[in-house]
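Presented below is the structure to which this report refers.
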Amino acid sequence: MSKTHYSAFKVLKEALTGHKGWEPTWRDAEPKADGYDVIIVGGGGHGLATAYYLAKNHGITNVAVLERGWIGSGNVGRNTTIIRSNYLLPGNEPFYELSLQLWENLEQDLNYNAMISQRGIMNLIHSDAQRDAFIRRGNSMLFADAGCEYLEAKEVKERYPFLDMNNARFPIKAALAQPRGGTVRHDAVAWGYARGASDLGVDIIQNCEVTGFNIENGKCLGVQTTKGDIKANRVGVCVAGSSSRVMEKAGIKLPIESHVLQAFVTEGLKPVLDNVITFGAGHFYCSQSDKGGLVFGGDLDSYNSYAQRGNLPVVEDVCSGGMAIMPMIGRARLLRMWGGVMDMSMDGSPFIDSTEVKELFFNGGWCYGGFKATPASGYCYAHLLATDVPHEVATAYRLDRFRRGAMIDEKGVGPQPNLH
Amino acid sequence: MSQINRIDGGLIDQEKVLNFTFNGQILKGYEGDTLASALLANNKHLIGRSFKYHRPRGIVTAGSEEPNAIMEIGNGAYKDPNTRATVTQLYNGLEANSQNHRGPLSFDFMAITDFLSPLLGAGFYYKTFMWPKSFWEKFYEPAIRKSAGLGTLSTEADPDTYDKGFRHCDILIIGSGATGLSAALTAAESGAKIILADEDFLMGGRLNSETNKIDGIAGSEWAKKTVAKLGAMENVTLMSDTTIFGAYDHGIYGAIENRASEARKDNDKPRQVNWRIYTKRAILCAGATERLIAFGNNDRPGIMLASAVRTYLNRFAVATGQRISVYTNNDDGWKTAKDLNAKGFRVAAVIDSRSISPVMRVPGAEICMGTDVVDTKGRRALKSIQLSNGKSIDTDTLAVSGGWNPNLHFTCHHRGVPKWNEEIASFVPDSSPPVGMSVAGRAKGTMVLADAIIEGHNQGSSVAADLGYKTSESKPASTPVVSYNISANWGIPSGKNRAWVDFQNDVTVKDIKLANQEGFKSVEHVKRYTTLGMATDQGKTANVLAIGIMAENMGQTMEDTGTTIFRPPYVPVAIGAFAGRRRGMEFYPTRYTPSHNWSTEQNAIFVEVGMWYRSQWFPLPGETHWRQSVDREVRQTRSSVGICDVTTLGKIDIKGEDVSEFLNKVYANAFAKVPVGKTRYGLMLREDGIVMDDGTTARMSENHFVMTTTTANAVNVYRHLQFCHQCLWPDLDVHMISVTEQYAQYAVAGPNSRKLLEKIVDPDCDISNEAFPYMAAGEITVCGGTAARLFRISFSGELAYEIAIPTRYGDSLMRVLMEAGEEFNVIPYGTEALGVMRIEKGHAAGPELNGQTSAYDLGMGGMISGKKDFIGYTLGLREELQRDDRLQMVGFKPVNPSDLLLACSHLLGLRDKATTENDQGWISSCIYSPILGHYLGIGFIKGGHNRKGENVRAVDLVRGNDVEVEICSPHFVDPEGERLRV
Amino acid sequence: MIINHPLLGPRDSEEFVYLGSTDLIDRPTNWEKSAAAEDFYQYQYIRENIAGDIQELWYHEQGDQSWLIVTRNTLTHEIKNVEFAQDFSRAKGRGK
């Protein structure tokens, strides 16, 4: 076990002694023959966070995280790194606010610098109707103590002189900002949680694909994997992007479609943009990473896909959106573009719930909002797995909500996953 | 001295001198140079600083894989950061500046980081900067951000334009080297439509850099002739200076054509063109890229790829130094020595890591077989190299060849995984490139030129034949067979010295090993932990070397170690090129209504509604605040008559035997028995029971209906109706067409509306209250025979009509109506007054039909028919949608009539704290009523339908407003609807 | 992507609007029965989401306004068949 405490002192000491003392960040484990109390299927951000909080908050340490490839290879490894808690509906806002609070203390908690940077997020407003919608949302945020700031056009212009305020097709009239929002070094989140969980005794097992569930009499007894069968008292699936494929192995169909979302990063540039700017009317959002790349994205490609790559129309749409408000980026070069597979749910909101199979639990449907949810998702999923009771901020994320008519539809576009 | 490294010859025009500047110094080069070749001609080796350690760096390559020579070109708004000098064609007046240093390039203050490098190894930042907590954002991170990044954006709007274009071909050939030209020749001779694209401004690929003879003449000469021959063929399109950047679905390729030189001459010309190329087939002939070897201090200016040294020598007539040495692990590296000799240069040494006999004689050079370079000296320029045999050799250029990596990137764009080929010590394409793509030549791993030419030749003809073109028997071009042998060399342990792998991101062998040691074993983990291959060159020279180092370090095969995933773009592409002309006002289309010109004449203020520009209000002279205009428009309409352009409403003409039945299925309320000549309000739900849209539908004749939708949903509703018809009830006799653009439509509202209309409606059309009562609809003629449609419907709550006329008469009709209404003091009113009147009347609109509300929530549950199946019926009955404590629509008025009420306030109990649990709802729409003299709103509150008379608080924490309001009926004006029917 | 319209030939997918699985054609008809609640729930919310060949609905909005059934592979995006939804729906037994 590593248990190495990271500090400036430790870095200095290692620098002087040739870095011989660094140990593996997490312990690579092989499955235990006698199984586990809890198996988490999926070594992404959410799965690793769940394992960490199971161990830390609930003292359940006989836990394995099974990862098909390398940990953090899902959407925690490819996203636009934004964290925020600027939601509208009561089913969502407290959950994302808990997540933001967990982000705020994560580095000290994990002793791992994930470069959580509360540089602020700003949503641009271009019409009276949009202003109303954002003020409604802003009030939801303030009611949940999440903080927000309303900026008049003049203030927006002062802060961001490069924004096209007047000559634009959609002139900027105001903005709603959440100063506590920001960005995180995404891969480090997976590594930090893996290290934290591993230090508490969790087995992290890479290159171990779950190929089936051992279910008897409606009860899950463990999983079948490429490393053999592994017994478990309880199994928590946490594989957003592959949810439908994995849950189908347990005979469960989900109110989820898989869609591809593209994201983009430019070459490194000296700092020009210190917070996250969201241009909803033009389907574009952007921030600048610590390394200097402008990180941006837009809408889904809109067709069902598992291909992890998108097509040109969306690339051009997103770049047009960027040029429409920030025409200075015309000469910045797009360096990489990638496509991640999203669990698009039928109302745009996620699931953290038990299933019709006893001892089999499900966490997924994160749409394109899963990264910011990582800490709270793990926290609440661990709570549910440990206590059988949903955490109080995640009570709405039930699988049966469509049967009951309790949708959590922030955008109001209905059961049309590609529009959420 | 000018161009001290320039020699005679080359594929440049030494008659045409071009002046340029580098860091302010005026230099000369020639037509045909790249910026890099011109800099080298002027003996400029130190051209930049590395990302992290600010190490002095020189030009390494002669192509798009360049990690070091990235510069800011141009100035002001035209400044291009991070531009590769190696692919920038030199022009007169070019202004280049090195980037990422503080102070002059030769004395970069930030180079201090190089001395701190033991502290700054891979991932150091994950382990520190955590204390105290608040210091990250305030101190550590700003410092990191400031030192990170490379070039600088101008922060001004990009002044250049970019075009988009579409091209179609049978066969796209990517790369115009020997392979690509051979493929193009046979394919083109078959008659197939060919596009041949190359990223270089001079076609010919490596033939321009090498001395191979083809068909008995110099390779570059053969290339020139072949390109000319192809260019003369009608079925061939040559696209030089055009980089294919991505392979997309179904044979679509993205390409960027550089037209900077034209744009410089004429600002209206595009700087680049973003081509979308639709292909039936593609042949990838992208050649290969040489890679480096990791050895101590292998990053000094003067250490270059062996192939680049040849390019500068042969193509650009530049000798990169006076004492050049070669370090190689393969036969190809020796060619550099041979070419130098041929140009009269003595080679200092040839070092080959293989213990074999020398590949050729190199007169005057020290030959060291089975030997490696272990260290180098010279901070700002290479001075000497130290060998594993203990020798030190003075040298100013070291030409390094670690072997060649096939440029297989596009074969991986659809997630193909390259496989390892031991014979050429490189990854080669797997068997599943994107559909329609085949690979030939060195891109495929065919390293011998003679074989590559045959491969290109054969594939050109077989792909054309596959597409049904007749190919003729012809012979491939001939060239002597030169064998290629290699033995992988990932570098030998460099002791204390750092050996660079990724030059730009400063990733060394030690970083890779440290990552492995810390458990980052997957190639993806190593990339992410060390930032290997994530620089602007995307690891083109670094990645395979890194994989080799990892494989060796962890004792596994190259195949097991694997590669990271190649994604588009192949080289970085300007965002402006993707956006094209879609910027500024052209970002989205702009739609005007038929009265737009007239409204402009009236000084109307316009508002965006979707794509539309609608008149928001019509200020009169002396009105300084919008409320003055809006209040007047409301009062005037309610007291006499006003006209509003409602053309933007969606209009759908529906005909057929089964329209009634169809409407009965798509509307929640009963529609089976609408009489001819009547209009009915229709409420349309989504299948999930939530309100989708509302509008009116009129029965013009037995089998002819006209539906209106809201402006926002016009497109969605039409699409939905087509779905319902084509997919759900395909046999219903229903035919629909959207006529939104075909009709201008005006609301004429107010007590004098009938009187006004009677002045323009032709006398044979009786529109009296008896003949044309409330909710009547009919075809009429106006102004002496012009066909129009009249609907007696009202959104304002007044006696009102909507009149529709073919769009081409829309402008005239507006003018006619205004003239006819003069005697009633008619006024035009805009969307604000429209909104005020609909809220006074309690009509739900956009803010209420927000996709979250059911018919019951809106107080329209009574309209729901329980006697028929319709879209949204069953799911609308779900328990949560039927709960009594749902947010239900009601009216709100301030208890103190002088209080300001704001839309999007949330609702709280009188003594409740503002928390999520206490949140009872929100005000969706809010206006000042000039009729009632106070603010009023409609909105949603828990269980609202049964709470009328109760007082709550409307709280807007965002803008700081907190007022007590009474829950009331949303129908504030004329709740009985008497005015409608007069 | 390119969608090969049965009558209009190959068209860029930008001309189309995507809806989703053809499951959406199978709208239950038992609205008066007690099973309706469950059947409509399944119909609307539990749709095919396979990694492989899927039949799906695309609408030719900037074309002839036909709804098409496209058989497409969600792993490779390869399109194997395109037909009119109206024919497809009739073949499934839907009528009035």
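Heads up: the protein sequence lines correspond to chains F, D and V, in order. Here the first sequence is numbered in my numbering, starting from 1 and rising by one per residue. Here the second sequence is numbered in my numbering, starting from 421 and rising by one per residue. Here the third sequence is numbered in my numbering, starting from 1403 and rising by one per residue. Where a beta carbon is used, it is the ideal one built from N, C-alpha and C, also for glycine. Owing to the predicted nature of the structure, the values given are computational and were not obtained by experimental measurement.
Quickly, what does DSSP pair residue i with across the bridge? List them, please.
i	result
D/P716	Reading off the sequence, residue 716 of chain D comes out as Gly, not Pro. In the DSSP output, where bridge partners are listed per residue, D/G716 has D/A919.
V/M1404	In the sequence as presented, Met is not what sits at residue 1404 of chain V; that position holds Ile. Paired residues: V/D1414.
D/R1034	D/V1027
D/F840	Sequence check: residue 840 of chain D is Trp here, not Phe. Answer by DSSP bridge pairing, in chain order: D/F847.
D/M1156	D/I1074
D/L869	DSSP output for D/L869 lists no bridge partner at all.
D/C788	D/I771
D/A1208	D/I1200
D/H588	D/Y698
Which residue's Cα is closest to the Cα of residue i: the options?
i	options	result
D/H1354	D/D1065, D/F1312, D/N1172	D/F1312
D/T599	D/V693, D/G784, D/G543, D/A863	D/A863
D/L1330	D/K566, D/A608, D/Q1340	D/Q1340
D/P1267	D/E1300, D/Q1302, D/A1132	D/A1132
D/P1041	D/R1052, D/T1117, D/M1031, D/R1034	D/R1052
F/E356	F/A188, F/D400, F/T61	F/D400
D/Q1022	D/G666, D/A1092, D/M1238, D/A908	D/M1238
F/I116	F/E267, F/G181, F/G147	F/G181
D/A497	D/D1151, D/T533, D/N905, D/E576	D/E576
D/N415	D/L592, D/I634, D/R684	With chain D represented from 421 up to 1402, any question about residue 415 of chain D goes unanswered, as that position is not in the structure.
D/Y1166	D/V946, D/S1158, D/L1177	D/L1177
F/A177	F/D164, F/V210, F/Y87, F/P171	F/Y87
D/Q976	D/T817, D/H1365, D/W840	D/W840
D/A1088	D/D1078, D/P1095, D/V1096, D/R1100	D/R1100
D/L438	D/L459, D/T815, D/I427, D/F715	D/L459
Which residues, taken in chain order from the segment 1434 to 1448 of chain V, show a beta carbon closer than 9 Å to some beta carbon of chain D?
-> Look at the segment 1434 to 1448 of chain V: the residues with a C-beta under 9 Å from a C-beta of chain D are E1434, A1438, A1439, D1441, F1442, Y1443, Y1445, Q1446, Y1447.
Every unbroken alpha helix (DSSP H) within the segment 1065 to 1115 of chain D, with a cutoff of 4 residues, ordered by chain | For the segment 1065 to 1115 of chain D, the continuous alpha helix (DSSP H) assignments of 4+ residues that do not extend past its boundaries occur at 1079 to 1086, in sequence order.
Inside the segment 724 to 782 of chain D only - alpha helix (DSSP H) runs reaching at least 4 residues | Along the length of the segment 724 to 782 of chain D, whole alpha helix (DSSP H) runs at least 4 residues long occupy 726 to 730, 754 to 762, reported in chain order.
Do the segment 881 to 898 of chain D and the segment 727 to 735 of chain D touch if we need at least three Cβ pairs shorter than 8 Å?
-> Per the Cβ contact rule, the segment 881 to 898 of chain D is not in contact with the segment 727 to 735 of chain D (fewer than 3 Cβ pairs under 8 Å).
Give, in chain order, every residue of the segment 699 to 727 of chain D whose Cβ lies closer than 9 Å to some Cβ of chain F.
-> Close to chain F, meaning a Cβ-Cβ distance shorter than 9 Å, is no residue of the segment 699 to 727 of chain D at all.
Is the segment 1230 to 1244 of chain D in contact with the segment 1111 to 1120 of chain D, if contact means three or more CB pairs nearer than 8 Å?
-> As far as the Cβ criterion goes, the segment 1230 to 1244 of chain D does not touch the segment 1111 to 1120 of chain D, which means the pair count is below three.
May I ask you to verify whether the segment 1312 to 1321 of chain D touches the segment 1345 to 1362 of chain D, counting CB pairs closer than 8 Å and requiring at least 3?
-> Result yes; three or more Cβ-Cβ pairs closer than 8 Å.
Mind the definition here: the segment 318 to 337 of chain F touches the segment 208 to 224 of chain F only if three or more C-beta pairs lie below 8 Å; say whether that holds.
-> Flag = no, the segment 318 to 337 of chain F and the segment 208 to 224 of chain F do not touch.
Segments assigned alpha helix (DSSP H), at least 4 residues, entirely inside the segment 878 to 960 of chain D | Here the runs fully enclosed are 929 to 937, 943 to 950.
Sufficient close CB pairs (3 or more, under 8 Å) joining the segment 671 to 691 of chain D to the segment 568 to 586 of chain D | Contact between the segment 671 to 691 of chain D and the segment 568 to 586 of chain D is present, because at least three Cβ pairs lie under 8 Å.
Residue ranges of each alpha helix (DSSP H) run of no fewer than 4 residues wholly in the segment 226 to 302 of chain F, ordered along the chain?
-> Every unbroken stretch of the alpha helix (DSSP H) spanning 4 or more residues and falling wholly within the segment 226 to 302 of chain F is given here in chain order: 243 to 248.
Would you list, in sequence order, the uninterrupted beta strand (DSSP E) runs of no fewer than 3 residues that lie entirely inside the segment 336 to 382 of chain F?
-> As far as the segment 336 to 382 of chain F is concerned, its whole beta strand (DSSP E) runs of at least 3 residues are 351 to 354, 360 to 364.
Hey, which unbroken runs of the beta strand (DSSP E) at 3 residues or more fall wholly within the segment 631 to 677 of chain D?
-> Taking only runs of at least 3 residues, the beta strand (DSSP E) segments lying wholly in the segment 631 to 677 of chain D are 656 to 659, 662 to 668.
Would you be able to state if there are at least three C-beta pairs under 8 Å between the segment 1449 to 1469 of chain V and the segment 1302 to 1317 of chain D?
-> With the cut-off at 8 Å, the segment 1302 to 1317 of chain D and the segment 1449 to 1469 of chain V do not touch.
Run through the segment 1428 to 1470 of chain V for me and flag every whole beta strand (DSSP E) of 3 or more residues, listed as ranges in chain order.
-> Runs of the beta strand (DSSP E) lying entirely within the segment 1428 to 1470 of chain V and spanning at least 3 residues, in chain order: 1455 to 1461.
Quick one, which residues of the segment 1145 to 1174 of chain D are near chain V if we go by CB-CB under 7 Å, in chain order?
-> So the list reads Q1146, C1147, L1148, W1149, P1150, D1151, L1152, given in the order they occur along the chain.
Contiguous alpha helix (DSSP H) assignments of at least 4 residues, all confined to the segment 117 to 169 of chain F = Taking 4 residues as the shortest admissible run, the segment 117 to 169 of chain F contains the following complete alpha helix (DSSP H) segments, listed from N- to C-terminal end: 128 to 143, 153 to 159.
Scan the segment 33 to 112 of chain F and note each continuous alpha helix (DSSP H) run of 4 residues or more that stays entirely inside, going in chain order.
-> Taking only runs of at least 4 residues, the alpha helix (DSSP H) segments lying wholly in the segment 33 to 112 of chain F are 45 to 58, 93 to 104, 106 to 110.
Closer than 8 Å, Cβ to Cβ, to anything on chain V: give me those residues from the segment 284 to 309 of chain F, in chain order.
-> Answer set for the segment 284 to 309 of chain F: S302, Y303, N304, S305, Y306, A307.
If you measure beta-carbon to beta-carbon, which residues of the segment 325 to 356 of chain F are closer than 8 Å to chain V?
-> If you check each beta-carbon in the segment 325 to 356 of chain F against every beta-carbon of chain V, the ones closer than 8 Å belong to M346.
Taking only runs that begin and end inside the segment 970 to 1058 of chain D, name each unbroken alpha helix (DSSP H) of 4 or more residues, in chain order.
-> For the segment 970 to 1058 of chain D, whole alpha helix (DSSP H) runs of length 4 or above, ordered along the chain, are 978 to 981, 995 to 999, 1016 to 1021.
Segment contact flag, the segment 987 to 997 of chain D with the segment 740 to 750 of chain D, C-beta cutoff 8 Å, min 3 pairs | Remark: fewer than three beta-carbon pairs, one from each stretch, lie closer than 8 Å, so the segment 987 to 997 of chain D and the segment 740 to 750 of chain D are not flagged as touching.
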